[in-house]
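Participant: What follows is a structure written as structure tokens; I'll ask about it next.
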Amino acid sequence: MTEEKTIRVDPVTRLEGHGSLTLKLGTDGKVKDVQFNVNSTRFFEKFLEGRPMEEAPRIAPRICGICPIPHHLASVKAVEAAWDITPPRAAVKLRRLMIEAKQLSSHAIHFYALAAPDFVFGPFADPSVRNVAAVLKYLPDVAVQAIKLMEFGQELIKTVGAKAIHPTTAIPGGQLCSMSEEDRDLWLGKVPEMLENIHKTVDLAKKVVTDYIDVVTKVAVTPTYYIGLANKGVLDIYEGTARVMDPDGKIVADFEAKDYRKYYGEHIPKHSYATHIYYKPAGYPEGIWRANTLARCNVADKMATPLADAALKEMRELVGRPSHHTFAYHYARIVEMVQAAEWIKTLLEDPEIVSKDVKLADVEPKAGEGVGLVEAPRGILLHNYTSDEKGMLTKANLIVATNNNIAGIEKSLMVAAKQVFEEKAHESLKLPDPLVKT
Amino acid sequence: MGQGSSCWGCFQSLVDIHLHLAEVLPALEIKYWQAVADYKLHHLESYPDKSIAVGLYEGMARTEEDIHLLKVMRAKCQTLIAFGSCSCFGGIPGLANFSDIEECYDVKFRENATVSGGQVPSENLPGIAPVVKPNNSFVDFEIYLPGCPPTSKLILTAVSKLLAGEPIELPPHTVCHYCNREKKETPIEKILRPYQGIADPDRCLLEQGYICVGSATWGLCEGQCVNKGATCRGCFGPPPPIMQDHGANSMGMLGTYAPLPPEEIKEQVKDPLGLFYRFDYATSNLGEIRIKREEVKHQ
Chain A
0 MTEEKTIRVD
10 PVTRLEGHGS
20 LTLKLGTDGK
30 VKDVQFNVNS
40 TRFFEKFLEG
50 RPMEEAPRIA
60 PRICGICPIP
70 HHLASVKAVE
80 AAWDITPPRA
90 AVKLRRLMIE
100 AKQLSSHAIH
110 FYALAAPDFV
120 FGPFADPSVR
130 NVAAVLKYLP
140 DVAVQAIKLM
150 EFGQELIKTV
160 GAKAIHPTTA
170 IPGGQLCSMS
180 EEDRDLWLGK
190 VPEMLENIHK
200 TVDLAKKVVT
210 DYIDVVTKVA
220 VTPTYYIGLA
230 NKGVLDIYEG
240 TARVMDPDGK
250 IVADFEAKDY
260 RKYYGEHIPK
270 HSYATHIYYK
280 PAGYPEGIWR
290 ANTLARCNVA
300 DKMATPLADA
310 ALKEMRELVG
320 RPSHHTFAYH
330 YARIVEMVQA
340 AEWIKTLLED
350 PEIVSKDVKL
360 ADVEPKAGEG
370 VGLVEAPRGI
380 LLHNYTSDEK
390 GMLTKANLIV
400 ATNNNIAGIE
410 KSLMVAAKQV
420 FEEKAHESLK
430 LPDPLVKT
Chain X
0 MGQGSSCWGC
10 FQSLVDIHLH
20 LAEVLPALEI
30 KYWQAVADYK
40 LHHLESYPDK
50 SIAVGLYEGM
60 ARTEEDIHLL
70 KVMRAKCQTL
80 IAFGSCSCFG
90 GIPGLANFSD
100 IEECYDVKFR
110 ENATVSGGQV
120 PSENLPGIAP
130 VVKPNNSFVD
140 FEIYLPGCPP
150 TSKLILTAVS
160 KLLAGEPIEL
170 PPHTVCHYCN
180 REKKETPIEK
190 ILRPYQGIAD
200 PDRCLLEQGY
210 ICVGSATWGL
220 CEGQCVNKGA
230 TCRGCFGPPP
240 PIMQDHGANS
250 MGMLGTYAPL
260 PPEEIKEQVK
270 DPLGLFYRFD
280 YATSNLGEIR
290 IKREEVKHQ
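Chains as they are written, first to last, in numbering that gives the first Met the number 0: chain A, 0 to 437; chain X, 0 to 298.
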């Protein structure tokens, strides 16, 4: 018999946002409790109240500086839904260009800067080397291809959105700025190098997955529900319906944004300021769902673009559908990067992308409620606003990407904790030699 | 680098110096940076005082942990930088000071479209202060780098100067200095909301009636929004001296451009607090009064 023990990891590192872990081990050495403590909140839902509706897309992006574009766009979609406005087609294309560019740069920063150090230096390397600065030092070629992908995405957003972080050009009724032909030509010129870096990334990701296949297929494999946006069954990050898949792989719901309250449950945990979102018809905790890359790849029948679809098929051959492999999130991230890259090329080649018809001249506020739904890199994102007849925001409900994952993260942490502390499963894992030895 | 309650956009802006990362990152010995390296809080706490040359603090500090981290950073760093507008002025999260914290809890945990009857979480969590107080009310900073976020160019300039041991000298101009639009010095006849009509791309947005606070805002952004058709909302705060009252200046500016009867301005400017004080309510004179009121109320 040993004493009860509490392990605290504070803060959780190499992610975006604030969190700690609290793990309790009983006297018998069994894992009694695992908590993922998200330890800050800023009350956006409250201080959006009382603002003019059109200011919401300029305030809400500050929820997340890594994924401000999805917030900017979910917000403007919610306002347009409340006021019953349809923006011009070219404006929608510019918005899609922005969100695909964000998907590209965010997935690149996640894969290369946050996740890769574990795989490059091995999970047991010293903190002084297990980080992106060391990737730059030891693998400069890999780092340069990563930086160039991030640069492509971020700078393209700046062209369309005025700022790469917290963009300002989407407004109820369209976009405040069209794309010039010079800018379009400049970006088209950069596409071949970007695609080349995407191909290199895919090759690297496949190597990582193959090298770490024992980890991918054995650690923290956690069956849950999944939610993701799909457009007639095809993976989409800007428009479509929300699809829910149960742990057996059956699609159990496919609904419009406006109907979300029937399907979204929100549980207030006692130990996290970020709430737990779940599939309401199944109840909590049975209905815990996960969002983000793997969830989208699980719920979608196929990808929207050819190379991405081929990559999805290859992934499914390895991990199946649904995949409950927490580590397969990285693989799915790469599949989605390919789709984002292909979408960007298609949009830039579309003559309408330089149309000057990007904003309605006549926009009138009205009383009503609107829901805006898009995919952020880390999962489905929902803004729900109520407007009064003067166009002032009277009520906001925000269900952001990570909230959809908090309960799922905790569930997979419990699986992993049992594997490590009870079964010592990590000792028998086959790990490759680190790519770089330090 | 320490991160309080923030969106991590300042961090992203630092990453967006792109290939310059190859020069900057290897020149740093990282001691604590939760987004990048696996050092924990106890590592940071264990370093000798003033043993770190430069620290950046992103975000505002409202939780007990945020405030603790801010104070630890101050103790360990020789030069501490308020990194971004949240850290300098409270930023957009400072707008939460418009409401009592219980009203904030109501919407977040107790009653909303998908929430009913929840309780405020408290287990293994830091407490949240009743009001957002500016970071400089807890510690002193040597340098303020405002912006929401500070541009990558500004960050690169600052970091390069620090690495070279040289002072950071920044141009004092407002946003108008960088705006390509023409001013004709004509008064505003009617105030417009930003979605109304189609703006003339070549004329000053404010003179067309769209409220733009660029003339009262530090132009370290180099006019990125106004040159793409979006009005300035003041995210870099006031030009030096940096703690002057940005909101009051912005309102004064509107008064000069819009010689309208006060009743008309009152009717047409829908949300003066949320517009003129968007990024710096917590450090404004009005905001200071509110902070005192909330503190007394929750004593």
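We put the CB at the ideal spot given by N, CA and C, even for glycine.
(1) In chain X, which residues lie less than 7 angstroms from residue 430 of chain A when you measure between Cβ atoms?
(2) Step through the CB atoms of chain X and report whether any lies within less than 8 angstroms of the CB of residue 269 of chain A.
(3) Here's the rule: buried if 16 or more other CB atoms are within 10 angstroms of the residue's CB, otherwise exposed. What is residue 179 of chain A?
(4) For residue 71 of chain X, go through chain A and note every residue whose CB falls closer than 7 angstroms to its CB, in chain order.
(5) DSSP state of residue 283 of chain X, grouped into three classes?
(6) Identify which residue in X:144, X:155 and X:209 has its Cα closest to the Cα of residue 58 of chain X.
(7) What residue does the beta strand (DSSP E) around residue 397 of chain A start on, and which one ends it?
(8) Under a CB-based cut-off of 8 angstroms, is residue 27 of chain A close to chain X?
(9) Spatial neighbours of residue 419 of chain A within its chain, please: CB distance less than 8 angstroms, with the 5 preceding and 5 following residues excluded, ordered by chain position.
(10) Is residue 316 of chain A close to chain X, meaning its C-beta is less than 8 angstroms from at least one C-beta of that chain?
(11) Is it buried or exposed, residue 65 of chain X, if we count other Cβ atoms within 10 angstroms and call 16 or more buried?
(12) With distances taken Cα to Cα, identify the nearest neighbour of residue 1 of chain X among X:24, X:102, X:53 and X:115.
(13) Apart from the five residues on each side of it in sequence, which residues of its chain come closer than 7 angstroms, Cβ to Cβ, to residue 158 of chain X?
(14) Considering only the beta carbon of each residue, do residue 75 of chain X and residue 49 of chain X sit closer than 8 angstroms?
(15) Three or more C-beta pairs closer than 8 angstroms, one from the stretch 78–91 of chain A and one from the stretch 382–394 of chain A: is that the case here?
(16) When the cut-off is 8 angstroms and only beta carbons count, does residue 106 of chain A lie next to chain X?
(17) Reducing DSSP to helix, strand and coil, say where residue 51 of chain A ends up.
(18) Just reading off the beta strand (DSSP E) that residue 76 of chain X is part of, what are its end residues?
(19) Quick one: what does DSSP say residue 38 of chain A is sitting in, helix, strand or coil?
(20) Within 10 angstroms of the Cβ of residue 430 of chain A, are there 16 or more other Cβ atoms? Answer buried if so, exposed if not.
(21) For residue 88 of chain A, does the count of other Cβ atoms within 10 angstroms reach 16, so buried, or fall short, so exposed?
(22) I'd like the list of long-range same chain contacts for residue 328 of chain A, defined as Cβ closer than 8 angstroms, with 5 residues on each side in sequence excluded.
(23) Using DSSP with H/G/I as helix, E/B as strand and the rest coil, what is residue 266 of chain X?
(24) For residue 272 of chain A, go through chain X and note every residue whose CB falls closer than 7 angstroms to its CB, in chain order.
(25) Roughly how many angstroms separate the alpha carbons of residue 276 of chain A and residue 407 of chain A, rounded to a whole number?
(26) Should the stretch 143–156 of chain A be called in touch with the stretch 196–213 of chain A, which here means at least 3 C-beta pairs below 8 angstroms?
(27) Considering only the alpha carbon of each residue, which of X:13, X:6, X:9 and X:31 lies closest to residue 155 of chain X?
(28) Between A:46, A:370, A:322 and A:317, which lies nearest to residue 245 of chain A when the distance is taken from Cα to Cα?
(29) Measure how close the beta-carbons of residue 252 of chain A and residue 371 of chain A come, nearest whole angstrom, since I'm counting them as under 8 angstroms.
(30) Just by C-beta distance, which residues in the stretch 155–177 of chain A are closer than 7 angstroms to chain X?
(31) Going along the chain, which unbroken runs of the alpha helix (DSSP H) with 4 or more residues stay wholly within the stretch 175–221 of chain A?
(32) Below 8 angstroms between beta carbons: does that hold for residue 63 of chain A and residue 71 of chain A?
(33) In whole angstroms, what separates the C-alpha of residue 182 of chain A from that of residue 218 of chain A?
(34) What residue does the alpha helix (DSSP H) around residue 373 of chain A start on, and which one ends it?
(35) By the 7 angstroms beta-carbon criterion, what residues does the stretch 135–166 of chain X contribute toward chain A?
(36) So residue 57 of chain X is in the beta strand (DSSP E); what residue range does that whole segment cover?
Facilitator: For this structure:
(1) Against residue 430 of chain A, chain X offers no close residue; the least beta-carbon distance is about 18 angstroms (beta-carbon pairs closer than 7 angstroms).
(2) By this cut-off, residue 269 of chain A is an interface position.
(3) Per the 10 Å Cβ criterion, exposed.
(4) Taking a Cβ-Cβ cut-off of 7 angstroms, residue 71 of chain X has no neighbours in chain A, whose nearest Cβ is about 13 angstroms from it.
(5) Coil, per DSSP.
(6) Of X:144, X:155 and X:209, the residue nearest in Cα terms is X:144.
(7) Residue 397 of chain A -> beta strand (DSSP E) spans 392–398.
(8) Any Cβ of chain X closer than 8 angstroms to the Cβ of residue 27 of chain A would place that residue at the interface, and such an atom is absent.
(9) Setting aside the 5 residues that flank it on each side, residue 419 of chain A is surrounded in the same chain by 425, each with a C-beta closer than 8 angstroms to its C-beta; the list follows chain order.
(10) It does not; no Cβ of chain X falls within 8 angstroms.
(11) With 16 or more other Cβ atoms within 10 Å, it is buried.
(12) Measuring from the Cα of residue 1 of chain X, the nearest candidate turns out to be X:53.
(13) Within the same chain, residue 158 of chain X has close Cβ partners 23.
(14) Yes, the pair counts as a contact, with Cβ atoms nearer than the cut-off.
(15) A contact is defined here as three or more CB-CB pairs under 8 angstroms, and the stretch 78–91 of chain A meets this definition with respect to the stretch 382–394 of chain A.
(16) Taking CB atoms only, residue 106 of chain A has no neighbour in chain X less than 8 angstroms away.
(17) In the structure shown, the three-state DSSP call for residue 51 of chain A is strand.
(18) Residues 76–82.
(19) It is coil, neither helix nor strand.
(20) Looking at its Cβ environment, which holds fewer than 16 other Cβ atoms inside 10 Å, residue 430 of chain A is exposed.
(21) Residue 88 of chain A counts as exposed, since fewer than 16 other beta carbons sit within 10 angstroms of its beta carbon.
(22) Residues 291, 292 and 293 of the same chain have their beta carbon placed closer than 8 angstroms to that of residue 328 of chain A, with the five preceding and five following residues left out of the count.
(23) The DSSP-derived three-state label of residue 266 of chain X is helix.
(24) For residue 272 of chain A, the chain X residues whose Cβ falls inside 7 angstroms of its Cβ are 120 and 124, in order along the chain.
(25) Going from the Cα of residue 276 of chain A to the Cα of residue 407 of chain A covers about 9 angstroms.
(26) With three or more CB-CB distances shorter than 8 angstroms, the stretch 143–156 of chain A counts as touching the stretch 196–213 of chain A.
(27) For the residues X:13, X:6, X:9 and X:31, the minimum Cα distance to residue 155 of chain X belongs to X:13.
(28) Of A:46, A:370, A:322 and A:317, the residue nearest in Cα terms is A:322.
(29) With 8 angstroms as the limit, residue 252 of chain A and residue 371 of chain A do not qualify as a contact, their Cβ atoms being about 19 angstroms apart.
(30) Along the stretch 155–177 of chain A, going in chain order, the ones with a CB nearer than 7 angstroms to a CB of chain X are 161, 162, 163, 164, 165, 167, 168, 170, 171, 172, 175 and 176.
(31) Listed in chain order, they are 180–210 and 212–217.
(32) No; because the gap between Cβ atoms is not below 8 angstroms, this pair is not in contact.
(33) Those two C-alpha atoms are separated by around 46 angstroms.
(34) For residue 373 of chain A, there is no enclosing alpha helix (DSSP H); the residue is found in the beta strand (DSSP E) stretching over 367–375.
(35) Here the close residues are 147 and 148.
(36) Residue range 51–57 is occupied by the beta strand (DSSP E) that includes residue 57 of chain X.
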